[in-house]
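Down below is the structure, laid out as structure tokens.
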Amino acid sequence: MSLSDMLDPLDNLLQCQGLMTDQLGNSARCPCKHVKYSPYLIELALYFPCFRLRNELKSGIQYWSLERKLCQALSRNDKISIEDVMEAIHLKSFDYRVLNLMMYRLTGQQVNDLHMEFLSVSEFLVEICDDL
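Counted the way our numbering counts, the sequence shown spans residues 5 to 136.
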């Protein structure tokens with residue numbers, strides 16, 4: 005079972021609760037479920053919260069894959085790149101971003117991008133401090 009498959013039950017639950025619908029709430033099911041991701045689709049996250057939430061869940065899958073790669077490299081005494089480490093640190097707090105996006109949806113508020121950016125920087129600093 006892939007990591008993506010493991011998130012399917014969560015995806016289905018979020019859809020049933022109406023958290024993966026578009027901004028206007030016009031559909032019972034998210035219209036973007038089967039859309040393949042590409043960089044330009046990230047811009048759609050500004051208009052469709054379901055894209056933003058899915059993107060954060062995708063970040064979680066990337067984090068878990070990268071964490072396994074780094075741990076395997078360390079266990080074999082292989083070199084690891086600083087870029088991979090920095091990306092892992094950034095991706096690690098995807099779950100907090102998912103929870104914050106869900107809180108915005110549950111309270112009916114529009115996502116405050118400044119707040120989310122602040123949280124991203126804060127999460128990064130916390131992750132570094134945790135490792136010191």
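Cβ coordinates follow ideal geometry from the N, Cα and C atoms, glycine included.
Which same chain residues end up closer than 7 Å to residue i when comparing Cβ atoms and leaving out the 5 residues on each side of it in sequence?
i           : result
residue 128 : 93 and 94
residue 96  : 67 and 131
Could you give the C-beta distance for residue i and residue j, rounded to a whole number, given that I count them as a contact under 8 Å?
i           : j          : result
residue 63  : residue 98 : 4 Å
residue 123 : residue 56 : That pair is no contact at about 13 Å.
residue 86  : residue 78 : Actually they do not touch by this definition, with Cβ atoms about 14 Å apart.
Should residue i and residue j be called a contact, given that it needs their Cβ atoms to be closer than 8 Å?
i           : j          : result
residue 101 : residue 60 : yes
residue 89  : residue 74 : yes
Mapping the DSSP letters down to three states, classify residue i as helix, strand or coil.
i           : result
residue 83  : coil
residue 124 : helix
residue 115 : coil
residue 73  : helix
residue 136 : coil
residue 62  : helix
Is it right to say residue i is buried, meaning 16 or more other beta carbons lie within 10 angstroms of its own, or is it exposed?
i          : result
residue 80 : exposed
Please go through the same chain and pick out, in chain order, the residues whose beta-carbon is closer than 6 Å to the beta-carbon of residue i, but skip the five residues on each side of it.
i           : result
residue 113 : none
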